[in-house]
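> Handing you this structure, nothing more for now.
4 protein chains.
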Amino acid sequence: MERVKAAIVGASGYTGQELVRRLLLHPHVELTAATSRQEEGRTLAEVYPRFAGIPGAELAFIQPDPQAIAATGATFAFLALPHGVAAEIGRALLDLGLRVIDLSADFRIHDAGVYEEFYDHAHPAPDLLAEAVYGLPEVRADDIKAARLIASPGCYPTSILLPLLPLLREKLIVPATIVANSMSGVSGAGRKADLSLLFCECNESARAYGVPKHRHLSEIEQELTIAAGEKVVISFIPHLIPVNAGIVTTTTATLADGVDPEAIGAALERAYAGEFFVRLLGKGRPADTKRVSGTNFIDIGWTHDPRTGRVILMSAEDNLGKGAGGQAIQSFNLMAGLDPTAGLQSV
Amino acid sequence: MERVKAAIVGASGYTGQELVRRLLLHPHVELTAATSRQEEGRTLAEVYPRFAGIPGAELAFIQPDPQAIAATGATFAFLALPHGVAAEIGRALLDLGLRVIDLSADFRIHDAGVYEEFYDHAHPAPDLLAEAVYGLPEVRADDIKAARLIASPGCYPTSILLPLLPLLREKLIVPATIVANSMSGVSGAGRKADLSLLFCECNESARAYGVPKHRHLSEIEQELTIAAGEKVVISFIPHLIPVNAGIVTTTTATLADGVDPEAIGAALERAYAGEFFVRLLGKGRPADTKRVSGTNFIDIGWTHDPRTGRVILMSAEDNLGKGAGGQAIQSFNLMAGLDPTAGLQSV
Amino acid sequence: MERVKAAIVGASGYTGQELVRRLLLHPHVELTAATSRQEEGRTLAEVYPRFAGIPGAELAFIQPDPQAIAATGATFAFLALPHGVAAEIGRALLDLGLRVIDLSADFRIHDAGVYEEFYDHAHPAPDLLAEAVYGLPEVRADDIKAARLIASPGCYPTSILLPLLPLLREKLIVPATIVANSMSGVSGAGRKADLSLLFCECNESARAYGVPKHRHLSEIEQELTIAAGEKVVISFIPHLIPVNAGIVTTTTATLADGVDPEAIGAALERAYAGEFFVRLLGKGRPADTKRVSGTNFIDIGWTHDPRTGRVILMSAEDNLGKGAGGQAIQSFNLMAGLDPTAGLQSV
Amino acid sequence: MERVKAAIVGASGYTGQELVRRLLLHPHVELTAATSRQEEGRTLAEVYPRFAGIPGAELAFIQPDPQAIAATGATFAFLALPHGVAAEIGRALLDLGLRVIDLSADFRIHDAGVYEEFYDHAHPAPDLLAEAVYGLPEVRADDIKAARLIASPGCYPTSILLPLLPLLREKLIVPATIVANSMSGVSGAGRKADLSLLFCECNESARAYGVPKHRHLSEIEQELTIAAGEKVVISFIPHLIPVNAGIVTTTTATLADGVDPEAIGAALERAYAGEFFVRLLGKGRPADTKRVSGTNFIDIGWTHDPRTGRVILMSAEDNLGKGAGGQAIQSFNLMAGLDPTAGLQSV
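Chains as they are written, first to last, in full-length UniProt numbering: chain A, 1 to 347; chain B, 1 to 347; chain C, 1 to 347; chain D, 1 to 347.
As structure tokens, this is what we get:
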């Protein structure tokens, strides 16, 4: 089988690095381009000694020039760029005929006004919003297969949405009572020279941040609202904890009147029983980041507290895997008609 | 000034170790006894090489025999023992005339029935429950000064109660909407040979546990109920994260009808403005475990989310400090008529 | 191609877990048996939730009974057992016609007297020592291909031997001056309920241990002696550091009289230029555990200090990968006539 | 007793922060000035929320202007500045009548030529070198008491010198055979926005660096040479490991001909028996960073390997404590005629 040619635009951050790792080993992909403004001319192996020796790692970084990317023969491009920048280069690549999987927030919000409210600048390509597919493969596989432009969800949204969506669709919980607390590894903050991300600042530290209105709320509430069929507004409190990779999210919500608690487990089963990358742990079993790090799995456990009437959902994923690069490749596999698990089977 | 003679009963766990550390350096205390069933005859310095060279560290462990403890001249005893065991030895020490600061759960619950519900055995000394003072120095200083028996609060309860109590007393939040998520360092699980506490099992791991009915809910809800003047039942989800020491707690609750959000900050100021060990961070500023580790401080920040109507409280403490040994010594200082910060000024 | 049937005997420790991980994903292997005295009847996925959902993870643990293992059709057995125990079951499996890759120390020492000196008990199967091949694939590929019994080297020895062997064979350094300092992740100490391995004991800790005569010196000196053609005795100081996986070793030795320092790099190139799993970093470039964790690579850098006349060798490997399970599978691939990198390409 | 007025010049790095911590709590010191180019006008508590509430933490940072520093009444100045910068401001403060404790390398090397060789620039104040005292309190207490200018030793040198000096003075080991391997926590690299110091780059990582000619070799070899009475050149390999604070050093050297190995322990005892901050662990007992972190202790263990004839020295200290700020305050106490342990008794 001929390999699908793919490019990574913005390959020098942690998400880019995860895409490189996955695509170098992907059995049906040829990585034809990796871009970086700072690393031009150096090879993947030089910038990431971890990849030295792996076939393909001798590829040299190029500048993020759409024409040059297209000239490598790539038919797919993964964008691991800051928001705002992604939309511009994404449009150029689409115009050159590539299919685009954007890992930034740029195409995740359907409403350009909401984007501007949360990201503090006008949307750079509002005409593309209608076309972009919010790329949760377990939720929109058919749309993804046909899409030209995927807005691949962020790490927090994935860990919050997958447990909640089936419950909202089936009206098992009261939307206004949803509170999500997430704990994220430091790689989620990106690879940038910032004092607050130094080892000695993060190690032996745990803290909330970004309250009360984290940017990811925009996409989270958009998708919850679609599922619920009514406007949903939630509390979301992200925390930084000293692990390299992984997010664990605990979400509480009040069970809707008259609902049997066991309906929660049943709804999760209906939604995800056939999904390879969603592992349902069952009732009373917490999810643990250490079981999903380095993988594309999301683990979901749940329980019910009869004392308070609340459901407790517990999910864990690798923020760079199912929360970023892994999920993007999952969408890519669907788009390219490949085995859905190709390149994603590491444990 | 003559030093107050004190004993530590159960000095070989992490809480016991923290009490040893604090009391060896306490300017007004002479540590006359430290007990351990396993370490009898070895000195503090031998069991904890960290303390070698510190005056007093040549003290040898003895068996936890009440008569032997009293014979050392101790007038105060700190109990860092498992629940169930503490009550029995505590009673014996009280009968011998010592004042007792118990760090277990045994005397924290006023209602022996609630104790049995949460701890799965009948209370070993129900007649002492009426006398025991729940030892939050910022809440009950006068009772503590006069007490013969202190039930020193646990780490989770302290981090949840101190931010919430003033808000409930002033009826600023809706009690039924309280959800507390805590993240604890591994020392909170104790010093025991258990596979799940191994470095390789905890490092790069984060997970919830003990849901939905953690034992500490019994004391948390008891104290919240007293403050609110009505029965309070909450959701509490503890998590284990890979730090040695520290708890960060994020608590959400709906602002009561018609309350100005700024009343939250004002209530916290009124409650704690003169309290050395409670540091109010103000609005929008999260608490971070790294700023309180090794100290007896609790940091409290808060914010309000107009989108959801919820208040977000963020607190951080050292689970072995303000959450255990430090707070116990804070009560001891009050009981013994000492400077409230004696032995507790480390940063 | 038909899959090779293989068993893992002793699959509940960290090394066993790494073998399970690798063999479940190995494209040419069918894992037919995994044994554990404690976990009998539970599946791999139940004991290791990380593997849930992976094809093959529904295999249930059985007792380590040689007949039962052979009855699963396995033609290869990996032994991840304590020394002493491995020899006994290894012999039984050989007698039943299986080929055996032993990851314990039992067959690594050619001289039963040396074994007894270092392991404090008589060798349980001295008659098998002559047959066993010390399984360094980069050193003895031909012997490994034909072997019935492999003694797969330990993690410290691998990290020390691979850089040193070529230099001793070419007489570039003075054997009596060799000093090796290794820093190991905590998984190297095994998965056992031991207070000294608790998170809170290992985190924020670094220390030497096992000096001056660590057991692994027996195999290290045996192999160095063979390469040098003269008796070699070295200093080896292992240290425990707070990482899950990884060993970094720094070895110093005096350059032999009249040798051009550049001969060091040239000798390493000659020895390992064609070896996929040995990555030569070149002169002046240190090895870092983070680049090899989760892989079967060993990275080797070196430098020369003209002030002291010493060569400094710096190597890094994953102690569970190239230092244990990965290397064992590397030998297995040779024995079974498979692609040498099959199942070992993760980065 | 009147408090001694002291200033910290360069108080915004990790060493400066440790000096602030120690001096705020020092019973005989009033901190009158703390300087920082970037933080002018902010208080200590604002820049370091950890210190909020501690008396003295309301002090505001000023610019590092010698006149302004002197104007606060300070009679002592601690310099925690980069090399090159320290010499200039140090001279100005001396001229203004202050006594200076410099924690940079600027005054540690007696020979300006050696300084230039290792630090790549001409020495900025060579005329002061003769006067500066290399501030190892256990070695030069009398000189320190009388000194106007202390060159306080670095973290690696302290951990290497204290075990070795007595052995060289008594000619118990062969100087040319000394090899020192050190493992340092990340705080030793300073508080600067550098990608290589990010949490995700340092966590789960261990590596050598700075070989073969680390700058600290200049002061290490100078002091070893003085002790030995002959030129000493050694190998020193520093490593970075994922802990916040702490250095563990393992040093090997060949026992001199005819020396009884037990003479090693005896020499250490003679040198340090009365020294509060040097804890001799005895034969065969390794030092562990976790026992000294946060303290001013250095722990030293040793053993002898009859197989190789080598002595193995194992030392541990807090790189910010005995390796930097703690040791500087130890010298200060001597200079000011205070209790040698004042402000240094934390465990």
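Where a beta carbon is used, it is the ideal one built from N, C-alpha and C, also for glycine.
Indicate the three-state DSSP secondary structure (helix, strand or coil) for D/LYS213 in the structure shown.
Correct three-state label for D/LYS213: coil.
> If I'm right that C/VAL248 touches C/ALA287 with Cβ under 8 angstroms, what's the distance once you round it to whole angstroms?
About 6 angstroms; that satisfies the 8 angstroms criterion.
> Just to confirm before moving on: does the CB-CB distance between D/GLU219 and D/ALA105 stay below 8 angstroms?
Yes, these two residues count as a Cβ contact at 8 angstroms.
> Roughly how many angstroms separate the alpha carbons of B/ARG310 and D/GLY321, rounded to a whole number?
Each residue's alpha carbon lies about 44 angstroms from the other.
> 8 angstroms is my cut-off, CB to CB: does D/ARG207 come that close to chain C?
For D/ARG207, the answer is yes, since a Cβ of chain C falls inside 8 angstroms of its Cβ.
> Please confirm whether B/LEU198 has its beta-carbon closer than 8 angstroms to some beta-carbon of chain C.
Yes - at least one Cβ of chain C is within 8 angstroms of the one on B/LEU198.
> Does any residue of chain C have a CB that is nearer than 8 angstroms to the CB of A/LEU320?
It does not; no Cβ of chain C falls within 8 angstroms.
> Below 8 angstroms between beta carbons: does that hold for D/PRO242 and D/GLY210?
No, the Cβ-Cβ distance between D/PRO242 and D/GLY210 is not below 8 angstroms.
> Helix, strand or coil: which one does DSSP assign to A/ASP143?
DSSP places A/ASP143 in helix when its eight states are reduced to three.
> B/ASP95 by DSSP, collapsed to three states: which one?
Reduced to three states, the DSSP call for B/ASP95 is helix.
> I'd like to check one pair, C/ARG148 with C/LEU93: are the Cβ atoms closer than 8 angstroms?
Going by C-beta atoms, C/LEU93 is not nearer than 8 angstroms to C/ARG148.
> Please compile the residues from chain B whose C-beta is within a distance smaller than 8 angstroms of the C-beta of A/HIS239.
Those within 8 angstroms of A/HIS239 in chain B are MET183, VAL248, THR250.
> What is the C-beta distance between A/GLY246 and A/ASN319, in whole angstroms, given that I count them as a contact (C-beta under 8 angstroms)?
Sure, about 6 angstroms apart at Cβ, within 8 angstroms.
> For the region 270-290 of chain D and the region 46-61 of chain B, state whether three or more C-beta atom pairs, one from each stretch, are separated by less than 8 angstroms.
Verdict: yes, contact present.
> Answer yes or no: does any C-beta atom of chain A fall closer than 8 angstroms to that of C/ARG3?
Chain A, which has no Cβ nearer than 8 angstroms to the Cβ of C/ARG3, makes this no.
> List, in chain order, every chain C residue whose beta-carbon is nearer than 7 angstroms to that of residue 419 of chain A.
The requested residue 419 of chain A is not part of the displayed model; chain A covers only 1 to 347.
> Is the CB of A/LYS202 under 8 angstroms away from at least one CB in chain D?
Here residue 202 of chain A is Cys; the residue named in the question, Lys, does not match the sequence. Yes, because at least one Cβ of chain D sits closer than 8 angstroms to the Cβ of A/CYS202.
> Below 8 angstroms between beta carbons: does that hold for D/ALA74 and D/ALA112?
Not a contact, by the Cβ cut-off of 8 angstroms.
> Counting pairs of Cβ atoms below 8 angstroms between the region 65-79 of chain A and the region 170-177 of chain A, do you hit three or more?
At 8 angstroms Cβ cutoff, the stretches do not touch.
> Relative to the C-alpha of B/ARG285, which candidate in A/THR35, A/ALA208, A/ALA316 has its C-alpha closest?
The shortest Cα separation from B/ARG285 among A/THR35, A/ALA208, A/ALA316 belongs to A/ALA208.
> Establish whether the CB of B/PRO193 and some CB of chain C are separated by less than 8 angstroms.
According to the sequence provided, residue 193 of chain B is Ala. The question's Pro does not apply to it. Interface residue, yes.
> Sorted by chain position, which residues of the same chain lie with C-beta nearer than 6 angstroms to D/ALA86's C-beta, five sequence neighbours on each side aside?
These residues qualify, in order along the chain: LEU79, ASP102, SER104, ASP106.
> Using a 10 Å radius around the Cβ and a threshold of 16 neighbouring Cβ atoms, would you call A/MET314 buried or exposed?
The residue in question, A/MET314, is buried, as its Cβ has 16 or more Cβ neighbours within 10 Å.
> Within the chosen definition, does the region 146-166 of chain D reach the region 297-307 of chain D through at least 3 CB pairs nearer than 8 angstroms?
Taking 8 angstroms as the limit for Cβ pairs, the verdict is that the region 297-307 of chain D does touch the region 146-166 of chain D.
> Can you tell me whether B/ARG279 is helix, strand or coil according to DSSP?
B/ARG279 falls in the strand class under three-state DSSP.
> First and last residue of the beta strand (DSSP E) that includes A/PRO163?
Not the beta strand (DSSP E): A/PRO163 falls in the alpha helix (DSSP H), residues 155-169.
> Counting only C-beta atoms, is C/ILE187 closer than 8 angstroms to chain B at any point?
Before going further, note that residue 187 of chain C is Ser rather than Ile in the sequence given. Yes, C/SER187 counts as interfacial toward chain B.
> Find the residues of chain A that neighbour B/SER293, judging by a C-beta separation of less than 7 angstroms, and give them in chain order.
The contacting residues are GLU204.
> For B/TYR115, go through chain C and note every residue whose CB falls closer than 7 angstroms to its CB, in chain order.
Per Cβ cutoff of 7 angstroms: no residues; B/TYR115 is ~29 angstroms from chain C at best.
> How should B/SER182 be labelled, buried or exposed, when 16 other C-beta atoms within 10 angstroms of its C-beta is the threshold for buried?
Its Cβ being crowded by 16 or more others within 10 Å, B/SER182 is buried.
> Could you name the residues that DSSP lists as bridge partners for D/HIS239?
Its beta-bridge partners are D/MET183, D/ALA208.
> According to DSSP, A/PHE76 sits in a beta bridge with which residue or residues?
Paired residues: A/ALA6, A/ARG99.
> Given that C/GLN345 touches chain A, what residues does it touch there, using C-beta distances under 7 angstroms?
Ordered by position in chain A, the residues that pass the 7 angstroms Cβ test against C/GLN345 are LEU25.
> In whole angstroms, give me the CA-to-CA distance for B/SER331 and B/ASN296.
Each residue's Cα considered, the two are about 12 angstroms apart.
> Within 10 angstroms of its Cβ, does D/GLN38 collect 16 or more other Cβ (buried), or is it exposed?
So D/GLN38 ends up on the exposed side.
> Are the C-beta of C/TYR48 and some C-beta of chain E separated by less than 8 angstroms?
Of the protein chains in this structure, namely A, B, C and D, none is chain E.
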